[in-house]
Amino acid sequence: PITFEIRNVKARNLTYGGVKEFSAEEGLVHMPLWMQRSLNLETGDTIALRLKELPKGQWARLRPISADYKEIMDYRAALESYLRANYNTLTAGEILNIKYGSNRYEFLVDDLKPEKAVCVTDTDIEIDI
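The sequence shown begins at 3 in this note's numbering and counts up one residue at a time.
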């Protein structure tokens, strides 16, 4: 997949993401709310995009923000499934907002291998909590 380094020009925060489709008007980027929050973006802010090839993720350590994640029956399988369906990259330090049933659970991406930013598309990534 095509992946980019995405940087908030003002705050200098950065994350990585992939492209589902190139359908926005020229000069505009549509991104999910979690990514906007990760970059501390407000509507109309300027970002810098740079094409960046990321290695396939092999391993991720996620730290639950609250203990209620144990309510998820098989949380490792649920996390892996949710990541495959909703994310194409992971960046160390970002917070994942995972929906399971009618609840949302937050996890900090604490560490990744082989690098601090990885591609998770078409990848079986091992998840440690």
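Glycine included, C-beta positions come from ideal geometry on N, C-alpha and C.
Treat the numbers as computed from the prediction; the structure is a model and nothing was measured.
When only Cα atoms are considered, Ser83 and Asn99 end up about 14 Å apart.
With distances taken between CA atoms, Asn88 lies nearest to Lys22 out of Glu55, Gln60, Lys22 and Ala26. Cβ-Cβ distances below 6 Å link Ile67 to Glu108 in the same chain, with the five nearest sequence neighbours on each side left out; the list follows chain order. Put simply, the backbone Cα of Asp47 is about 8 Å away from that of Asn10. Boundaries of the beta strand (DSSP E) around Leu98: Ile97 to Tyr102. The DSSP assignment places complete alpha helix (DSSP H) segments of no fewer than 4 residues inside the region 16–53 at 35–40, in order along the chain.
For the pair Lys12 and Ile49, the Cα-to-Cα distance works out to about 8 Å.
By alpha-carbon distance to Asp76, the top candidate from Tyr18, Ile131 and Glu117 is Ile131.
Excluding sequence positions up to five before and after Phe6, its CB lies within less than 8 Å of the CB of Tyr18, Gly19, Gly20, Val21, Leu51, Arg52, Leu53 and Lys54, all in the same chain and listed in chain order.
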